[in-house]
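Residue numbers for the sequence shown, in our numbering: 58 to 290.
Glycine included, every Cβ here is placed at the ideal spot set by N, Cα and C.
The model shown is predicted, which means the values in this text are computed figures rather than measured ones.
Structure record follows, encoded as structure tokens.
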Amino acid sequence: MEIAGLRLLVVGATGVIGGAVAALAAERGAHLAVAGRDPARLAAVSQALGGCPNSRFDAYDLAGCAALARRAAGALGGLDAVLTAFGTVAFGRAEEGSDAVDEHLLTVNALAPIAVLRGALGVLPAGGAMAALTGAVVSAPMAGLAGYAASKAALSAWLDTVRLEQHRHRRTVLDARPPHLDTGFAGRAVAGTAPRLPAGADLPAYVAALLDGLCSGAALLAADGANRPVLSG
Ligand SMILES: NC(=O)c1ccc[n+]([C@@H]2O[C@H](COP(=O)([O-])OP(=O)(O)OC[C@H]3O[C@@H](n4cnc5c(N)ncnc54)[C@H](OP(=O)(O)O)[C@@H]3O)[C@@H](O)[C@H]2O)c1
Numbered sequence: 058m059e060i061a062g063l064r065l066l067v068v069g070a071t072g073v074i075g076g077a078v079a080a081l082a083a084e085r086g087a088h089l090a091v092a093g094r095d096p097a098r099l100a101a102v103s104q105a106l107g108g109c110p111n112s113r114f115d116a117y118d119l120a121g122c123a124a125l126a127r128r129a130a131g132a133l134g135g136l137d138a139v140l141t142a143f144g145t146v147a148f149g150r151a152e153e154g155s156d157a158v159d160e161h162l163l164t165v166n167a168l169a170p171i172a173v174l175r176g177a178l179g180v181l182p183a184g185g186a187m188a189a190l191t192g193a194v195v196s197a198p199m200a201g202l203a204g205y206a207a208s209k210a211a212l213s214a215w216l217d218t219v220r221l222e223q224h225r226h227r228r229t230v231l232d233a234r235p236p237h238l239d240t241g242f243a244g245r246a247v248a249g250t251a252p253r254l255p256a257g258a259d260l261p262a263y264v265a266a267l268l269d270g271l272c273s274g275a276a277l278l279a280a281d282g283a284n285r286p287v288l289s290g
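Rendered as structure tokens:
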């Protein structure tokens with residue numbers, strides 16, 4: 058798919074990664090619709106993108122999540138691609154966690170993006186693309202992140218299955234698994250405190266790779282041995 062003219066919905070455009078992908082896509086000629094939780098940040102993102110269509114949502118409103126793609130398609134006259142870029146994290150060893158925190162992680166990081174993307178399946182044309190941010194933690198476990206890893210692995214497994222199912226409809230599904238990026242995400246944990254993290258990988262490089270992967274129909278965005286983005290599939 059060409060980026061110029063692409064009708065793209067970014068859900069979680071109020072976040073650092075989602076906002077950067079939306080901005081780069083718009084710069085390259087895509088037509089954006091954005092969704093976010095925080096009303097002030099959402100209004101600012103939409104305004105910065107020329108007043109593009111925007112929708113408020115919360116991960117706990119799964120029916121609202123499922124309706125986002127149809128709403129964006131209505132506003133843009135169709136929809137070619139969707140990215141979920143929202144999520145949350147909690148730190149602490151498994152025995153220090155709680156059912157409430159795990160439930161929160163699984164809702165925000167798995168059930169809600171699944172609802173958004175399931176909704177998109179009813180809207181995207183043949184040749185359409187979907188992508189979700191999971192994370193390197195799916196393939197490289199890290200102590201203190203059991204609940205977060207479980208939620209991201211659940212989303213990743215869903216993406217793998219849907220990729221198989223959608224092959225005959227020529228819809229592509231990208232699992233984006235960046236390593237740590239300096240977005241401040243770890244500092245906004247809902248529980249626990251982040252350990253000392255390594256220096257973040259190259260954020261603009263991952264943002265550009267995510268957009269390239271979405272347009273080229275890649276299945277996986279991961280890091281190579283030098284923490285640079287690699288697309289495959
Ligand atoms: N940063 C990293 O190192 C890294 C690495 C791998 C994967 N990821 C993944 O990338 C995604 C984006 O992270 P980021 O670094 O851009 O962090 P960020 O700037 O903190 O963005 C988080 C986003 O999630 C949204 N959000 C949080 N809770 C929500 C809820 N209950 N309902 C709806 N939206 C909610 C926020 O919405 P509001 O701002 O509107 O409240 C914001 O748009 C996350 O899924 C994260 O797991 C990040």
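Output needed for residue i: all residues of its chain with C-beta closer than 7 Å, excluding positions within five of it in sequence on either side, in chain order.
{"i": "Gly257", "result": "His237, Leu238, Asp239"}
{"i": "Asp281", "result": "Val287"}
{"i": "Val171", "result": "The question names Val, but residue 171 is Ile in the sequence shown. Excluding positions up to five away in sequence, the list reads Leu212, Trp215."}
{"i": "Thr164", "result": "Ala116, Tyr117"}
Please classify residue i as buried or exposed, where buried requires at least 16 other C-beta atoms within 10 Å of its C-beta.
{"i": "Pro235", "result": "buried"}
{"i": "Arg245", "result": "exposed"}
{"i": "Gly131", "result": "exposed"}
{"i": "Tyr263", "result": "buried"}
{"i": "Thr250", "result": "exposed"}
{"i": "Ser112", "result": "buried"}
Suppose the cutoff is 6 Å on Cβ atoms and the five residues either side in sequence are ignored; what does the same chain contact list for residue i look like?
{"i": "Cys272", "result": "Met58, Ile60"}
{"i": "Asn284", "result": "Pro236, Ala258"}
{"i": "Asp232", "result": "Thr191, Ser213, Leu216, Leu277"}
{"i": "His226", "result": "Ala183"}
{"i": "Val146", "result": "Tyr205, Ala246"}
With a threshold of 7 Å (Cβ to nearest heavy atom), would residue i be considered close to ligand 1?
{"i": "Val146", "result": "yes"}
{"i": "Thr240", "result": "yes"}
{"i": "Gly121", "result": "no"}
{"i": "Asn166", "result": "yes"}
{"i": "Leu190", "result": "yes"}
{"i": "Val235", "result": "Note on identity: in this sequence residue 235 is Pro, with Val being the wrong assignment. Yes; taking the cut-off as 7 Å, the Cβ of Pro235 has a heavy atom of ligand 1 nearer than that."}
{"i": "Thr250", "result": "no"}
{"i": "Gly72", "result": "yes"}
Please list, in chain order, all residues of the same chain as residue i whose beta carbon is under 8 Å from its beta carbon, the five residues on each side excluded.
{"i": "Gly134", "result": "Arg64"}
{"i": "Ala82", "result": "Ile60, Leu63, Leu65, Val67, Leu89, Leu268"}
{"i": "Arg150", "result": "Ala200, Gly201, Ala203"}
{"i": "Ala124", "result": "Gly176"}
Could you pull the DSSP bridge partners for residue i from this structure?
{"i": "Ala147", "result": "Ala248"}
{"i": "Gly93", "result": "Arg113"}
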